[in-house]
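**Q** My questions all concern the structure below.
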Amino acid sequence: MFKGEAGARLKREIVRRSQTANLMGEEIEQVRTRPTEEQKKIRELISSAKTLADVERVNQILQASNLNQNGQNGTNDVNMNDEDD
1 MFKGEAGARL
11 KREIVRRSQT
21 ANLMGEEIEQ
31 VRTRPTEEQK
41 KIRELISSAK
51 TLADVERVNQ
61 ILQASNLNQN
71 GQNGTNDVNM
81 NDEDD
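With the UniProt record's numbering as the guide, the letters of the sequence shown map in order to residues 1 to 85.
What follows is the structure, encoded as structure tokens:
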């Protein structure tokens, strides 16, 4: 199947692509399993909550953080006023 010059080129290309894919897969898996600093802080915050008020405070913090990351916090730079300048 990989006879001749064209076959050798094809074989090298296939090997190169498969090695690149394997490396990328390993890097992605490392990123998924490694906790970030933010995740560590969230875990500490949750584990330190002792009362219902603490749990509610943690819940509000997490919801506010999620809204800020998604850009849905209502602070878009769009001016909704109908004033004529």
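All C-beta atoms in this analysis are idealised placements derived from N, C-alpha and C, irrespective of residue type, glycine included.
Mind checking whether residue 49 and residue 58 have CB atoms under 7 Å apart?
**A** yes
**Q** By Cβ distance, which residues of its chain are closer than 8 Å to residue 6, with the 5 residues on each side in sequence left out?
**A** none
**Q** In this structure, does DSSP put residue 64 in helix, strand or coil?
**A** helix
**Q** Measuring straight from C-alpha to C-alpha, what distance separates residue 43 and residue 15?
**A** 42 Å
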